[in-house]
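Residue numbers (the numbering used here), protein chains in the order written: chain A, 172 to 489; chain B, 156 to 520; chain C, 169 to 495. Structure first, commentary second.
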Amino acid sequence: MRRYVLKRVAHAVFIMWLVATTVFFGLRAIPGGPVSAMLGQESTPEAAQALRQQLGLNDPWYVQYSDWMVDLATFDFGQSLTTSQPVAELVMQAAPRTASIGAVAVVVGLGVAVPAGIVSATRKRESVDYLATVAAFLGLSMPAFFVGILLALVFGVWLDLLPVFGYTPLAEGVAPWLESILLPGVAVGLPYGAVVMRMMRSSLLEVLDEPYMKTALAKGVGSRVRLYKHALQNALIPVVTVAGIQLALVLVGSVTVELVFGIQGLGRLLVDSMLDRNYPVTQVVILLVSAVLVFTNLAVDLAYTAIDPRIRYGGESA
Amino acid sequence: MNTMDSVDSSAEATSAAESDATSLLEVAGLRTQFPTSRGTVIAVDDVNLTVERGEIVGLVGESGSGKSVFAQSIMGIVDHPGEIVGGDIRLDGESLLDKSDAALEALRGGRLSMIFQDPMNSLNPTLTVGEQIAETVRLHQDVGESVSLPAELKRKLLGATKNSEAWRRAIEMLEAVEIPEAESRAGDYPHEFSGGMRQRAMIAMALSCEPDLLIADEPTTALDVTVQAQILDELRDLKDEFDTSILIITHDLAVVSEVCDRVAVMYAGEIVEQADARELFDNPRHPYTQGLIASTPRLDAPNDRLTPIEGNVPDLIDIPYACHFAPRCPEAERECFEIAPDFRPVGEDGHEAACLRRGPTEEQL
Amino acid sequence: MNTEFGENRGTYGPGEVPPEYEQSAVAEEFTTTRQRLVEGVLGDRMALFGAVVILLFILTAAFAPYIAPYGEEQTFGFMKEPLSSSQGDFDDDGELEQAFHPLGTDSFGHDILTRLIYGAQVSLLVALATLAVAFTFGTAIGILAGYHGGWVDSLLMRYVDFQWAFPELILGVAIIALSGGLGVVNVVIAIGIAYIDDFARLIRGEVLSIREEEYIMAAQTVGMSDVRIMTKEILPNAVAPLIVQATLMLPLAILAEAGLSFLGLGVRPTTPTWGLLLSDGRQFISEAWWISVMPGLAIMLTVLAFNMFGDGLRDAFDIDEGEVEAR
């Protein structure tokens with residue numbers, strides 16, 4: 172099993188390196204580049220040149236590249252071109268907001284999806300199942316930001332129960348913090364949960380048909396114990412996969428939902444920096460997003476070792 | 156709850172056993188069917204079969220004969236939407252069809268147990284082999300361990316207590332089926348066992364509560380030939396050791412000739428012939444049985460040509476012929492299609508066959 | 169020991185049956201792929217619903233100018249509520265008319281229903297174009313990788329894995345930035361590229377399994393007719409996952425475009441895709457919620473329809489859920 176873990180970790184690191192390299196070359200391929208965008212109408216050849224020098228853009232590309240790699244390794248992310256703030260600072264401000272939304276989304280999504288999937292599978296073709304299936308379809312047909320708009324409309328504008336703008340940091344109290352991210356979190360969690368729920372349902376249905384479930388029945392094991400002790404762990408394996416892969420949905424959802432609720436998270440940062448050609452910020456945000464995705468997938472791979480004994484203990488022995 | 160029930164039924168069993176005439180298992184006129192969109196599939200059509208204490212009975216049939224459904228009917232685990240619609244199944248004199256779901260659950264794995272064809276997939280990959288055996292013990296024997304849902308989940312997360320009675324019993328059973336290093340193997344997962352060992356583990360699980368009857372559905376089909384022989388020997392020894400009667404369901408005549416005391420032959424949902432094993436092979440009477448044996452290669456008659464039975468097993472929906480084998484039978488007469496053949500003595504020691512062309516009347520022909 | 173089998177002959181031998189028991193061989197009906205498909209979809213209520221809505225969507229998009237109640241740029245009263253009417257002289261004939269707005273009007277006075285109908289056209293075209301890009305490049309990569317194997321395969325699949333680390337939207341955003349601006353073409357390219365990985369993986373898998381089958385076929389085939397039958401069955405089966413994937417990808421493309429436009433990184437403000445309409449209405453959410461909600465519902469309905477239909481299609485073709493991934 173250790174080989175498995177090491178392989179996955181090495182793979183993750185490799186992908187990250189690949190991402191960093193691509194970001195580097197990609198951003199430098201932008202027509203126009205940051206300099207002309209920044210200077211805009213005041214762009215004169217001299218000013219442009221000065222700025223280029225300042226940004227180190229005149230160095231040969233391999234020098235820039237190694238500088239970039241070193242910077243990354245030492246977590247030196249440079250400064251924002253628009254505000255001269257350290258990029259790290261900007262990101263540190265924005266990240267917790269996006270993370271909070273993501274966390275609520277995952278908790279709400281999984282918290283609803285897993286039980287719903289189980290109920291749906293065990294009551295296949297009954298009204299509960301049909302309802303849940305249709306609800307799941309609806310859920311995954313709505314983009315997170317639209318759900319956000321609807322929620323904001325109903326709970327914010329019409330019922331006036333929850334705030335629809337801005338973010339309250341945890342430091343100012345748990346309740347206010349929760350209030351500010353509940354709607355965005357649920358908005359993102361709904362489509363996510365819908366996908367997971369469908370997988371839970373279909374996976375459990377498949378497991379219930381497996382021969383070993385018949386064996387359990389023939390042994391006289393009760394129905395609830397059969398479901399939770401015999402079936403569930405097996406059924407969760409593909410669910411874990413999907414839940415991990417679809418975290419990308421959560422990330423994307425958070426990015427768009429931030430706009431709806433006026434939360435200055437990574438999404439805002441990304442979009443603004445792209446429009447401003449503020450590439451030190453853009454590249455760090457992209458890297459961060461990729462890193463989160465790559466490492467959550469890694470975590471999912473490692474989670475398998477806990478859930479699937481076949482991976483934990485390798486192959487057959489005589 | 157479970158232990159209470161088993162105490163009750165064993166009390167009943169004792170009184171029933173006192174009247175020697177009661178067979179261990181008595182199936183009378185059993186009929187199991189499946190409603191489908193194309194019609195009703197009658198998988199088991201008026202089947203009678205008995206198993207006495209200490210016997211190994213073989214039920215032979217091709218795929219599609221209904222033998223697996225028959226086995227599952229006895230256990231009460233027929234897949235939905237199949238259901239038993241007629242006849243009776245008596246275990247030690249008590250009708251199983253009268254019993255409540257809870258009572259049946261108490262019987263399954265306890266007095267009545269079953270092993271399946273596919274050892275690869277019949278063991279749960281997320282539970283250790285030892286736990287799967289210990290679970291059976293906990294369910295049907297009074298070992299003072301709870302089988303409630305919370306207790307089971309706790310056991311799943313933390314593993315079973317290693318010096319509990321149930322676990323020790325599991326190790327004993329693994330030793331009984333000759334799995335080496337049973338104690339450490341009990342903590343292994345099914346994928347770490349080879350095919351033959353997995354089947355042994357299944358047998359260990361099925362016999363752990365010393366059932367009165369073990370039903371083995373194609374126990375050796377998925378195994379290598381050499382392993383097959385070992386498993387069959389195993390079964391025979393264990394039968395004596397645990398005082399368990401066995402009903403073996405198979406399509407393989409070799410298996411049957413190897414271990415069975417008595418044999419019943421099944422075709423298209425019906426039993427067509429029953430006899431002692433030796434008698435059946437020496438003197439098959441029903442045309443289908445004759446056909447089966449004629450199409451099986453034999454070491455003692457190497458130069459005989461193999462005669463296959465022409466045609467295919469019929470679709471079990473609505474067979475219009477009185478004798479289901481008539482269309483493929485070389486000896487069929489008109490009455491075979493119209494009159495349902497009854498069982499008639501055709502040989503020694505209770506050798507019976509359901510064929511109008513056999514039996515005492517034949518002597519007169 | 170003698171078995172006597174076949175030695176005594178009865179009136180009716182094997183295969184022979186008295187005339188009144190003769191049954192025309194009730195061989196299992198051979199259903200062609202198309203029949204299975206149609207039966208499958210018709211039988212599945214949700215898939216049927218999906219199919220109907222998709223049809224409506226396509227028809228609306230195709231015949232937009234004929235279906236739309238008003239002209240694309242016609243304006244009426246501002247921010248009128250759904251099911252209201254505006255009064256005014258709209259056709260410059262000197263007389264007052266009533267214009268009914270089932271879905272209300274937006275901040276410029278456009279009738280929302282009209283905008284949605286024309287928007288269907290653009291959304292559909294964008295989605296199809298995106299699909300075309302993803303399909304073309306994905307297929308090319310997949311076929312190359314599957315056919316050549318070896319280092320070509322490894323290299324291409326590494327790329328696919330790598331692309332997988334980027335969620336489509338982020339990748340789309342990145343590509344848009346790279347291409348230097350907004351506009352339909354950029355959006356199509358961006359989203360199209362983002363969805364290459366799914367197609368590539370799928371097609372590579374198909375190519376690999378078809379390759380296997382050919383070898384097997386070569387070994388086993390004696391008569392030509394077998395080959396013909398197999399081509400009639402195998403080919404549809406290979407094409408099937410592709411069709412299902414395409415059906416399930418369209419809604420994703422629609423959603424991705426909506427997302428990009430919503431962020432302000434999508435199409436130019438004049439192209440009225442549903443995503444842009446949604447985004448436009450965001451600022452008026454408290455006064456005129458319908459400006460955003462209507463396009464949102466349209467998106468939802470269409471995406472829902474494609475998902476239900478695609479799912480039903482997948483069931484009808486009997487494809488593993490793991491083979492074709494949906495979101």
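All C-beta atoms in this analysis are idealised placements derived from N, C-alpha and C, irrespective of residue type, glycine included. Since the structure is predicted, the reported quantities are computational estimates derived from the model, not experimental observations.
| query | result |
| --- | --- |
| Separation of A414 (chain A) from E249 (chain B), as counted between CA atoms | 51 Å |
| Presumed contact (8 Å Cβ cut-off) between G231 (chain B) and K222 (chain B), rounded CB distance | So it is not a contact: roughly 17 Å between Cβ atoms. |
| Coil, strand or helix - Q242 (chain C) by DSSP | coil |
| Pairwise C-alpha distance: F430 (chain C) and D279 (chain C) | 20 Å |
| Contact check, M462 (chain C) vs S312 (chain A), beta carbons under 8 Å | no |
| Continuous alpha helix (DSSP H) stretch holding I416 (chain A): start and end | 403-416 |
| Beta-carbon separation (whole angstroms), G344 (chain A) vs P334 (chain A), contact threshold 8 Å | With 8 Å as the limit, G344 (chain A) and P334 (chain A) do not qualify as a contact, their Cβ atoms being about 13 Å apart. |
| Element boundaries [alpha helix (DSSP H), containing E490 (chain B)] | 489-493 |
| Cβ of V206 (chain C) within 8 Å of any chain B Cβ | no |
| Alpha-carbon to alpha-carbon, D470 (chain B) and V194 (chain C) | Only weak support is given to the placement of V194 (chain C): the predicted model assigns it a pLDDT of 49, under 50, and the question is left unresolved by the model. |
| Residue environment, Y443 (chain B), which counts as buried when at least 16 other CB atoms sit within 10 Å | buried |
| Chain B contact residues for L388 (chain A), given Cβ-Cβ distances below 7 Å | I232 |
| Residue-chain proximity (F492 (chain B), chain C), Cβ-Cβ < 8 Å | yes |
| For F246 (chain A), three-class secondary structure by DSSP | coil |
| Beta carbon proximity, V495 (chain A) to chain B, threshold 8 Å | Lying before the first or after the last residue shown, residue 495 (chain A) is absent from chain A, which here runs from 172 to 489. |
| Within chain A, partners of M468 (chain C) - CB distance below 9 Å | L309, S312, M313, P314, F317 |
| Alpha-carbon to alpha-carbon, S298 (chain A) and S251 (chain A) | 55 Å |
| Pair within 8 Å by beta-carbon distance, V463 (chain A) and M187 (chain A) | no |
| Residue-chain proximity (I222 (chain C), chain A), Cβ-Cβ < 8 Å | no |
| Complete runs of the beta strand (DSSP E) confined to the region 332-379 of chain B [at least 3 residues] | 368-372 |
| The region 293-301 of chain B / the region 375-395 of chain A touching (three or more Cβ pairs under 8 Å) | yes |
| Beta bridge counterpart(s) of L185 (chain B) as assigned by DSSP | B:V202 |
| E486 (chain B) vs Q429 (chain B) beta-carbon contact at 8 Å | no |
| CB contact below 8 Å: P480 (chain A) versus chain B | yes |
| Rounded straight-line distance, which links the Cα of A470 (chain A) to that of K178 (chain A) | 13 Å |
| Interfacial residues, the region 394-413 of chain A to chain B, with Cβ spacing under 7 Å | R395, V396, Y399, K400, H401, Q404, N405 |
| Cβ of N475 (chain C) within 8 Å of any chain A Cβ | yes |
| Neighbourhood of V550 (chain B) by C-beta distance below 6 Å, restricted to the same chain and skipping five residues each side | The requested residue 550 (chain B) is not part of the displayed model; chain B covers only 156 to 520. |
| CA-to-CA distance, L403 (chain A) to E320 (chain B), given in whole angstroms | 27 Å |
| Contacts of K385 (chain A) in chain B (Cβ-Cβ under 8 Å) | I232, F271, S277 |
| Boundaries (first-last residue) of the alpha helix (DSSP H) holding M384 (chain A) | 382-390 |
| Residue-level contact to chain C via CB, C415 (chain B), 8 Å cutoff | no |
| Simplified DSSP assignment, three categories, for V455 (chain A) | helix |
| Inter-residue Cα distance where the pair is G239 (chain C) and L423 (chain C) | 26 Å |
| Contact under 8 Å by Cβ, L390 (chain B) with V414 (chain B) | yes |
| Amino acids of chain C, ordered along the chain, whose beta-carbon sits closer than 9 Å to that of C484 (chain B) | G178, Y180, G181, P182 |
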